[in-house]
Structure formats: structure tokens, C-alpha cells
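Each remark here refers to the structure printed beneath this line.
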Amino acid sequence: MAPPSQVLTLRGHRKSVNTLICEEATHPNVLASGSDDGTCRIWDIRTTRVTKCLNVKKALGTDKEDEIAVNSLAFGKSTAGAESAYIYVAAGRKVLTFDMRQSALIVDCVDREVFPESEDEINVLSRHPGKHGRYLSVPDDTGSIRVYDLESHCLFKTLRGQHTNICSAALFRPNGAWDLVSGGMDGLLLFWDFFRGRVKFRIDLNSLEGSGTCASANDEGEGCGTQQMFNPPLVHSIVCAPNGKSCAVGLGDASVAVVDFGSKQIVRRLKHHKAMVSQVHFPAFCSQNRLISAANDAKVCLWDYRAALSLDAPVGCGVSEASSTLVLKEFALGSSPNAVVTTSQHSFIVVADVSKEISAFSVV
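And the structure:
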């Protein structure tokens, strides 16, 4: 099968692009990007031109690179209305709110009060996928997760004391009102009731190669084997399936773990990459059946996710490995990827890497 071809290149950032978001249902033909240059840029995919530049550097009033680099973005509510026009921008330890309806091409002031500063650098933002999209999760390098109420613009809950290292991602589970999944550099996947602030169960990825051990919140999380020391399976990225029944986790050992929420176990390991998997993403053009992974081997893979889930699940601690037979397409990048998103209208895979440019590939 022919690999995807590069069809678009978006140029405008002055430094490395760290993050991308695209939600066509609410923001058709819109792509947002964040960079080390201290800006968030709003693009029209049809013309590949910037329609608005959010100047985080000026909004914060500082030139310090560690404070102005944009690490993550999240759109406001997924329903039409005023709240959907907001975009939340994580830079350093702060989350800023901008209104994309502002008429100015360059916006250098925030539209709402900056959220209270986190304890350490913020990682991936996640907005609740529920009907009202009311909550925003903000994980940081201390291992803590702050959950903000976007309607009141106030802190709702702080989840702490469980991750012992960087919390790299904390995502709300679709169709699970109070469910949140977090993972970090301690090799733990935690499944929270964020309303009560409690861990319901956990999966310790530091155990035997299968890494499928499940423990309750009261267990010590010990696995059924020895700890893996070389290229440990630390959590770098998480994505929940749209139906909320499973999630995929990009790991430091170059694999993708597929977690079934019903059995509370890892049921599959997808192995094809040769380096840490930094990005996992369900493509907008086929979100139920396909999975995209991108890794530091500078490769992007499109997996048959339905087939991975339909394989006979193993019993006990063992977890079966699905290899290259489930890779439908793959293509190489010029360098390691920082972010991956997709569009449904044009079936694009959009990739940002350590360069200043953003590339779009067609999978049709």
C-alpha cells in the first residue's frame, strides 16, 4: 500500500512547533498550533495561511523562554456558542484564555484571568468530551493534576499524591462522567474518579514485559515479574477511543499498549516502532477503526485498531503482541514528531516536529 503523500506545508512559526489541535465539528477548516516562539497561531487549512496570532509572550509580559513556550492547547466547549470560541493555551506553568472572535490579527492580551500558576511545567491539556465540556485537566511535572471548572473559571479539584514523577497526560474518558485516565514517568496508569479525587484502579507498567498487571487502588501495584530497566515503558501519550471503552498508550519502550476499560487490563501491545512512542491519536477520518502512532524513530504508523481489539484476549498476566501485520500504512518524517492531529474533511494527517514547519499528509 502506497505511503501517504505530503500535500501541504504550513510556515509561520519561528521556532519548534510543540502542539496542534483540530476540531472540525466546532471549528471547520481551523488548525491551531503552539510553539517555542511564544505564539499560538490559528490557521485556515484551505489556504495554509495564519488567520490569527495569539502572542503569549506579550500577554505574559516576559521574554523568558521557559515561561513563554506553548506546550499544549485546548479549545473551549465542543458545542456551538460563545464558550466554544475560547482557546486555552498552556505556557510554562500557566494556562491563558484567548477569545478567537477578536477582530485583531495579532492578539496580545488574554480575555479572562490567567488560571492560578501550577507547581511545575504543564504538559498536555484535556477538555472534558461530555455534552457541556465543562472541565479542563492540567497535569504537570510534579505529578499533580489540576481540574478546572471552565464555567466558573475556578479550580474544581487537585489530584495529587499518586504519581511519583512527571504526569505526562491526563485525559477524560468519553461517556464516563467522572472518569479520568492519567499516566506518567513513574510507569503508572491511574484511573480516577475525579469528582471524589480517588484512584479506582491502576496498571503498573513497570512489571514483566507484558505489563498487563491490574491492581486496585488499595494494592501496591506489584506486577507478576521483574522490573524492566532498559527503555522502560514510561507513559508519554494517551488517547481514549471515542466510545470510551478502551484507550491507547504510547510508551517509552517503543510499543503502544491497548487498555480495555471493562477488564481493567492491557489486552494488546502494538510493536513496530524502534523508539519511544510520543504520540497516539484516533484519526478523525476513521476514529472507531484506526489508530495513529508517531515515535522518535521519525515514523508515523496507521494501525488497524478494530483488528487489534478483536484478537482473542489472553488470560492471566500475559499480553499478546500485535506486530507489523496490523500496520496499514507508515511513512517517515524528517525528524522526531512533537504533535499529530487529523482532519476528517480532507483525510489529512498533520504533523509538527522539531522544525518550524507543519506538514500535512494525505491518506486517500
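Heads up, the sequence shown is in full-length UniProt numbering, so the first residue is 1 and it goes up one at a time. Beta carbons are placed, not taken as given, at the ideal position from N, Cα and C, and that holds for glycine. Bear in mind that the values here come from a model prediction, so they are computed numbers and not experimental data.
- Less than 8 angstroms separates the beta-carbon of Val363 from that of Lys329.
- Leaving aside the five residues that flank Cys240 on each side, the residues in its chain whose CB is nearer than 7 angstroms to its CB run, in chain order, Leu171, Arg173, Pro174, Val181 and Cys247.
- A Cβ-Cβ separation of about 7 angstroms places Lys94 in contact with Phe115 under the 8 angstroms criterion.
- Straight across, the Cα-Cα distance linking Asp108 with Val249 is about 36 angstroms.
- Residue pairing for Val56: DSSP places it in no beta bridge.
- In this structure, Asn296 keeps its C-beta atom at 8 angstroms or more from the C-beta atom of Val17.
- In the three-state DSSP reduction, Ile122 falls in the strand class (E or B).
- When DSSP reads this structure, Val327 sits in a beta bridge with Trp303.
- Under the three-state reduction of DSSP, Ser278 is assigned to strand.
- Ala298 places its beta carbon 8 angstroms or farther from that of Val340.
- For Asp66, the enclosing alpha helix (DSSP H) has its first and last residue at Glu65 to Ile68.
- With contacts defined by Cβ atoms closer than 8 angstroms, Ile68 and Val56 form a contacting pair.
- By the neighbour-count definition (other C-beta atoms within 10 Å, threshold 16), Asn206 is a buried residue.
- Setting aside the 5 residues that flank it on each side, Lys200 is surrounded in the same chain by Phe191, Trp192, Asp193 and Ala217, each with a C-beta closer than 7 angstroms to its C-beta; the list follows chain order.
- Gly34 sits close to Val89, with the two beta carbons spaced by under 8 angstroms.
- With fewer than 16 other CB atoms across the displayed protein chains lying within 10 angstroms of its CB, Ala332 is exposed.
- Comparing alpha-carbon positions, the option among Phe195, Cys40, Ser278 and Lys52 lying closest to Pro233 turns out to be Ser278.
- If you draw a straight line from the Cα of Lys15 to the Cα of Ser355, it is about 7 angstroms long.
- In the three-state reduction of the DSSP assignment, Ala295 falls in the strand class.
- Collapsing the DSSP output to three states places Ser152 in coil.
- For Leu125, the CB contacts under 8 angstroms within the same chain, skipping 5 residues up- and downstream, are Ser72, Leu73, Ala74, Tyr88, Ala90, Val95, Leu136, Ser137 and Val138 in chain order.
- For Thr39, the enclosing beta strand (DSSP E) begins and ends at Thr39 to Asp44.
- When the five nearest sequence neighbours on each side are left out, the beta carbons in the same chain lying within less than 8 angstroms of the beta carbon of Gly187 are those of Asp204, Leu205, Asn206, Pro232, Pro233, Leu234 and Val235, in order along the chain.
- A Cβ-Cβ distance of about 5 angstroms is found for the pair Gly183 and Ile238, placing them in contact under the 8 angstroms criterion.
- When C-alpha distances from Arg49 are compared across Leu251, Val70, Glu23 and Leu8, the shortest belongs to Leu8.
- The C-beta distance from Gly143 to Ile166 rounds to 7 angstroms, short enough to fall under 8 angstroms.
- Nearest to Arg101 by C-alpha distance, out of Val70, Ile145, Thr51 and Lys274, is Thr51.
- Beta-carbon to beta-carbon, Pro28 and Phe361 are separated by about 20 angstroms, too far to satisfy the 8 angstroms threshold.
- Here Trp192 is bridged, per DSSP, to Leu180 and Val199.
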